[in-house]
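Worksheet: the structure to be examined is printed underneath.
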Amino acid sequence: MRRTRKWLHAGVFAAGVGSALATAQAQQAPEPQPAPAPSAAPTEMLPSLEFWGSVGGSVLFGQQANPQYNGSITRVGALGEIGLAYRSSYFIDPHLSVAYASLARGDVHLPAGQYGPAGDLNQHLAAWLFSPGFTAEIWRLRFRLGLGFAVVKQSFTYQNDHSSSSAFAIMHQLGVGFNALDSGSFRLDAEVRAVVAPGVDMAFLTLNVVARGDIIEFGRSNSQVSAR
Amino acid sequence: MNFRERASLCAFALALVTCEASPEVKIPQFPDGGLLRTGKALTRDQLFFFEGMFDTTSASDVFGSQMAVRSAPGTISLLTDLNAAFAPLQAACLPDRTVVLEGYWQYPTHADAGLVRLFVDPPAVAEALCAGQVPAATTDLKLIGVYGRDNDFPAIPFALGWNHALKPFRGTFFTVAHHGACEITDHCGTSPNTLESVRLAERIGSNAAELDVRVTRDQIPIFFHDPGLSGSLVRGTFCHGKVAEVSLAELRGSCAAQYGEVIPTVQEMLDMMVSQTELEGVYLDMKVPEAVLPSARIASKIVTDLKARNTNADPSDDRKFSPVVGIPTEDVLNAWRAAKSTLMQEGLDLPPCLIEYDPDLVIAEDCLAWGPTWTEGPRVADVQRVRAAGAGTIFWTINQTDFINQFLTDAQPNGIISARAALLFFRYQAIGTPPPKPTRAQ
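If you're matching them up, the sequences are chains L and V in order. Just so we're aligned: the first sequence equals residues 1 to 228 in our numbering. Just so we're aligned: the second sequence equals residues 229 to 670 in our numbering.
As structure tokens, this is what we get:
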């Protein structure tokens, strides 16, 4: 598992460097020459403010702490997310997203100890993800890099006593989506994403359906919808 | 900022959050248990026979020109100052009436390690050991054999010859393990503040340990250094947040230390140290004031139990062990004063105390020792003033040879906290002076 997380780290890191280079190159590139007047509005690239929502499943990596307690653990969870992106005239779009993920559930049977009599400990792990970042659309693919923070929340129930605690950590995520539907101002993607929060030793993959729509377009009337 | 600078900055920022400590380590082991499997282990009394300073007559490039040899339960430890190397070995009499010492050697700060196999020479000494005797000390004692690298079968010549006896160290000079055997970045295969790490600390030269105490949400004192359950210190899918926010049951069911060990309670650790080791003390470094009273209660019970054992008619169960309450801050001192009052009202024995930051308070509070940081120098006058008042001095935390030499020779303290037990023990034996014992009765 640790090796898997290292590959995830490496992948996110490599993509981050690549994205940074692409960003810098895009910003260094000379201003595009004014294009000839378009013959049809849908081929023109106009900035817009895009809202998206996504839902999907997640798979959490990690190690069980004390296998000797014969615990059970479910690492498959669910994630929901909303976000805003500024679809610029270039192919790099800044975005801001907020997500909630219910990541894992577990049960372990504890023997009697200093904490009291034997009993079952129920565990739940969830996380809030707050992530600014960039997306880049190339052909029908939409790459995404986010660097933000996670609030990891764990909840326990033991001997009818419920408690929870949380931890804060820097988080980065990398995703690639495939655009399955584009009807001008509405788009539908399937996206795979890796999320890593090294400070809390947390890494998971998600498979999402992403619905995106332009809510504000800049520089044109509403009737002149653009598509890339 | 140009393109390259911008790209480098982004790469650096991402690299920072991508770093991950790797706890992967391999401790070499003989296949099938080695020759020890066929032999009969030497008794504890026989292991004392091997203690002394030895000349390294071969393999001095790896182990230095001299090694200190000391014993612990079930272990003969070879210790040196070259890369703080240690070799915890086990000894057994083989069917052919030879005595073998087997185990591994390691540089804790490097990945270097390997197997060791030594035989006792001359044969008459081995014969006496196999006969169940403790031979008389002899200057002819040699340990002759081989060492290897990694898991390769040992084949490189390695030999030691007895030179002179060890200086007194038990009950005299404290090689205090810094939250266990090694630092978190070392390759010892044990996590800080765990039972396994403290056991290993004794096997590589320590005779006391400094451990970090916190309390769980249900006020049970445990050993853990950081306020948070950092991913670099623990493992577990459901192991996040602050130590003070989880109960012991939640911690036990959800968290393990870096190498998978149980995060121990103070009760479990002290019970293990008293019953399974010959360690002479533990310095309970109170990280939070809330830890003081529950830890002091446990320490008090240990003090009471040992007092009974050491004053009864049976000398065979005597055990010298001091659970010392370490006081690093004014807040903890205030908690200690309140705890003392509570314990006295309950008619319990007071455990000894150690104050880190003020030698005058050590005297005023009638503590057993002063625990200054090394960063302010040897502070010879303060050491002598504390000593004149009957207390001792334990410096923390010194891992470098030059500083260990300076503090041993200038201050002649009663002990030093170090994550390099082999190095410290060896340097004390090489250049140290046995300090006077603290006279404060606690």
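Note that the Cβ used here is the ideal one computed from N, Cα and C, for glycine as well.
Q. Can you find a C-beta in chain L that's less than 7 Å from the C-beta of V/SER482?
A. yes
**Q.** chain L residues whose Cβ lies nearer than 9 Å to that of V/HIS468
**A.** LEU125, VAL152, LYS153, GLN154, SER165, SER166, ALA167, ALA169, VAL200, ASP201 and MET202
Q. What in chain V is Cβ-close to L/ILE73, meaning under 7 Å?
A. THR465
Q.
If we define contact as Cβ-Cβ less than 7 Å, is L/GLY133 a contact residue for chain V?
A. no
Q.
Quick check: the Cα distance between V/LEU263 and V/LEU652, rounded to an integer number of angstroms?
A. 31 Å
**Q.** Cross-strand partners of V/LYS370 (DSSP beta bridge)
**A.** V/ASP349 and V/GLY389
Q.
Does L/GLU191 pass the burial test, meaning 16 or more other C-beta atoms within 10 Å, or should it be called exposed?
A. buried
Q: For V/ILE448, go through chain L and note every residue whose CB falls closer than 8 Å to its CB, in chain order.
A: GLN114 and TYR115
Q.
Please give the ranges of any alpha helix (DSSP H) in the region 266 to 325 of chain V, keeping only runs that are unbroken, at least 4 residues long and fully inside the region.
A. 272 to 276 and 288 to 291
Q: Following the continuous beta strand (DSSP E) through L/ASN208, name the residue where it begins and the one where it ends.
A: 202 to 217
Q) Hey, L/ASN208 and L/LEU79 are a contact pair by Cβ (cut 8 Å); roughly how many whole angstroms apart? A) 7 Å
Q. How would you label L/LEU141, buried or exposed, when you count the other beta carbons within 10 angstroms and need 16 or more for buried?
A. exposed
Q: Pull up the DSSP beta-bridge partners for L/ASN122, would you.
A: L/ASP107 and L/THR157
**Q.** Contact set for V/ILE491: own chain, Cβ-Cβ below 8 Å, skip 5 residues either direction
**A.** ASN421, THR422, ILE450, PHE451, PHE452, VAL462, LEU479, ARG480, CYS483, ALA484 and ALA485
Q.
For a quick check, are the C-beta atoms of V/PRO336 and V/CYS416 less than 7 Å apart?
A. yes
Q. L/GLN64 versus chain V: which residues are under 8 Å apart at the beta carbon?
A. GLY464 and THR465
Q: Could you name the residues of chain L that V/GLN495 contacts, counting a contact when the two beta carbons are closer than 9 Å?
A: GLN114
Q | Neighbour list for V/VAL516 in chain L, Cβ cutoff strictly below 9 Å | A | Within 9 Å Cβ-Cβ: nothing; V/VAL516 doesn't reach chain L, min ~16 Å.
Q | The alpha helix (DSSP H) enclosing V/LEU652, as first and last residue numbers | A | 649 to 659
Q: Assign V/ASP364 to one of two classes, buried (16 or more other C-beta atoms within 10 Å of its C-beta) or exposed (fewer than that).
A: Per the sequence presented here, residue 364 of chain V reads as Ala, with Asp not at that position. The residue in question, V/ALA364, is exposed, as its Cβ has fewer than 16 Cβ neighbours within 10 Å.
(Q) Between L/PHE218 and chain V, is the shortest Cβ-Cβ distance under 7 Å, so that the two count as touching? (A) no
Q: Could you have a look at L/TYR90 and say whether DSSP puts it in helix, strand or coil?
A: coil
Q | Residue(s) in a DSSP beta bridge with V/CYS581 | A | V/VAL553
Q: Give a yes or no on whether the minimum CB-CB distance between V/ALA352 and chain B is below 7 Å.
A: The structure shown contains no chain B; the protein chains it does contain are L and V.
**Q.** Residue from V/ILE645, V/ALA650, V/PRO666 and V/ARG655 with nearest C-alpha to V/ALA436
**A.** V/ILE645
Q) Quick one: is L/ARG193 near chain V, going by C-beta distance under 7 Å? A) no
Q. Straight-line CA distance for L/SER97 to L/ASP120?
A. 37 Å
Q. Helix, strand or coil for V/LYS535 per DSSP?
A. helix
**Q.** Same chain, Cβ closer than 6 Å to L/ILE215, five either side skipped, listed in chain order
**A.** LEU49 and PHE51
**Q.** Beta carbon proximity, L/ALA99 to chain V, threshold 7 Å
**A.** no
Q.
Measuring straight from C-alpha to C-alpha, what distance separates L/PHE186 and L/ALA211?
A. 7 Å
Q: Confirm, please, whether the CB-CB distance from L/GLY71 to L/SER102 is below 7 Å.
A: no
Q: Within 10 angstroms of the Cβ of V/SER299, are there 16 or more other Cβ atoms? Answer buried if so, exposed if not.
A: buried
Q: Keeping to the same chain, check which residues put their C-beta closer than 7 Å to that of V/ALA339; ignore five residues upstream and five downstream.
A: HIS415
Q.
Taking 8 Å as the limit between beta carbons, can you name the residues of its chain near V/ILE530, skipping five residues before and five after?
A. LEU498, VAL502, PHE549, PRO551 and PRO579
Q. Taking all protein chains shown into account, do 16 or more other C-beta atoms lie within 10 angstroms of the C-beta of L/MET202, making it buried, or fewer, making it exposed?
A. buried
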